Amino acid sequence: MNLIIMGAPGAGKGTQSENISAKFNIPAISTGDILRSAIKGGTELGKQAQSYIDAGKLVPDAVVIDIIKEHLATDACKNGFILDGFPRSIPQAEALDAMGVQIDAVLSLEVPDETIVTRMSGRRTCLKCGASYHVLYKPSATADVCDKCGAELVIRADDKPETVLNRLNTFHSQTEPVKSYYAAKGKLICVEGQEEVADTTKLVFEALSKV
Ligand code: ATP
Ligand code: MG
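Per our numbering, residue 170 is the first one in the sequence shown, and the count goes up by one each step.
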């Protein structure tokens with residue numbers, strides 16, 4: 170299954186794509202995670218991306234399109250994949266088509282802006298492995314320690330309230346049109362994000378069982 174998951178920043182894409190990845194045994198490819206690890210590693214890609222991410226803007230299309238092209242060409246993706254955070258603009262969606270990649274379904278996690286702002290304030294992220302938690306909705310077993318790799322959990326630099334508002338603006342202006350793009354192809358499935366992660370997961374799996 171070739172899937173895309175979309176949604177506002179903090180809608181829960183990363184969490185749900187991990188669940189989908191585990192259930193269907195397909196890799197989850199998160200452009201956000203790839204860019205953050207490049208920043209952490211101080212690579213050329215990281216240097217290019219940092220100022221855009223810190224400002225809540227999109228990293229240039231050409232940069233992320235290259236990343237996706239590279240990942241989709243690997244053997245790991247030959248039986249399916251889920252893209253988390255790509256495509257985020259119409260040119261990115263068109264580039265995916267131009268690569269000849271067939272998409273089976275596009276899940277859109279619907280979460281109102283007000284909820285996003287509240288959620289982001291409690292989010293904690295593992296800088297080492299990228300795992301994501303929430304102090305109320307998805308706490309780690311030990312406070313500030315990653316369940317998966319034991320590294321320290323931090324507040325992502327771009328989860329600051331001012332940056333979150335910029336990210337929401339970017340989402341509405343550049344990413345929401347991508348929903349219409351896939352709706353026109355009959356690929357869009359909208360799922361309402363629930364307060365409990367497990368409830369959203371249930372709706373996501375129900376929706377995917379019909380694909
Ligand atoms: P969340 O991960 O909680 O859903 P998000 O979608 O805003 O929130 P990421 O997907 O982790 O966060 O992306 C973080 C930042 O990385 C974005 O704000 C953007 O600057 C950059 N980025 C990630 N994917 C893309 C993309 N496909 N095109 C351009 N920029 C991207
Ligand atoms: Mg994410």
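We treat Cβ as the ideally placed atom computed from N, Cα and C, and that holds for glycine.
If you're wondering where the values come from, they're calculated on a predicted model, not measured in any experiment.
Residue i Cβ short of 7 Å to the ligand ATP heavy atom set
i    : result
G225 : yes
Y306 : no
K182 : yes
G362 : no
S220 : no
T243 : no
L322 : no
T204 : The residue you asked about is not Thr; residue 204 is Leu in the sequence shown. Result yes, Cβ under 7 Å from the ligand ATP.
G210 : no
V280 : no
P178 : yes
Alpha carbon of residue i to alpha carbon of residue j, nearest angstrom
i    : j    : result
K238 : L252 : 12 Å
A231 : Q363 : 34 Å
R292 : E213 : 28 Å
A218 : K356 : 30 Å
L337 : S220 : 17 Å
Y350 : I259 : 8 Å
P308 : V323 : 13 Å
D368 : V360 : 11 Å
P281 : V314 : 29 Å
D244 : S290 : 38 Å
G225 : V333 : 7 Å
G381 : T284 : Outside the shown range of the chain (170 to 380) lies residue 381, about which nothing can therefore be said.
T187 : T370 : Position check: residue 187 holds Glu in this sequence, whereas Thr was assumed. Going by the C-alpha atoms only, they are around 10 Å apart.
L372 : F193 : 15 Å
Heavy atom of the ligand MG within 7 Å of residue i beta-carbon
i    : result
I297 : Residue identity differs from the one stated: residue 297 is Lys in this sequence, not Ile. Checking every heavy atom of the ligand MG against the Cβ of K297, none is found closer than 7 Å.
D253 : yes
L342 : The identity of residue 342 in the sequence shown is Ser, whereas the question assumes Leu. Not so, every heavy atom of the ligand MG lies at least 7 Å from the Cβ.
G319 : no
S277 : no
G291 : no
S199 : yes
DSSP beta-bridge partners of residue i
i    : result
R292 : H303
F250 : N171
G269 : Paired residues: none, contrary to the question.
S277 : M175 and C359
E321 : V314
Supposed close pair residue i, residue j - CB separation, criterion 8 Å
i    : j    : result
I174 : L276 : 5 Å
L227 : T339 : 6 Å
N248 : I198 : Contact doesn't hold; Cβ gap of about 14 Å is too wide.
R325 : T294 : 5 Å
D327 : I222 : 6 Å
D273 : M170 : 5 Å
G299 : K182 : Not really, about 12 Å apart at Cβ, beyond 8 Å.
Q185 : L278 : 7 Å
L296 : A320 : 7 Å
Could you give the uninterrupted runs of the beta strand (DSSP E) lying entirely in the stretch 337-367, keeping only those of 3 residues or more?
-> Within the stretch 337-367, the complete beta strand (DSSP E) runs of at least 3 residues are 357-361.
Taking only runs of the alpha helix (DSSP H) that begin and end inside the stretch 189-243, which ones reach a length of at least 4 residues, in chain order?
-> Segments of the alpha helix (DSSP H) lying fully in the stretch 189-243: 200-210, 213-223 and 230-241.
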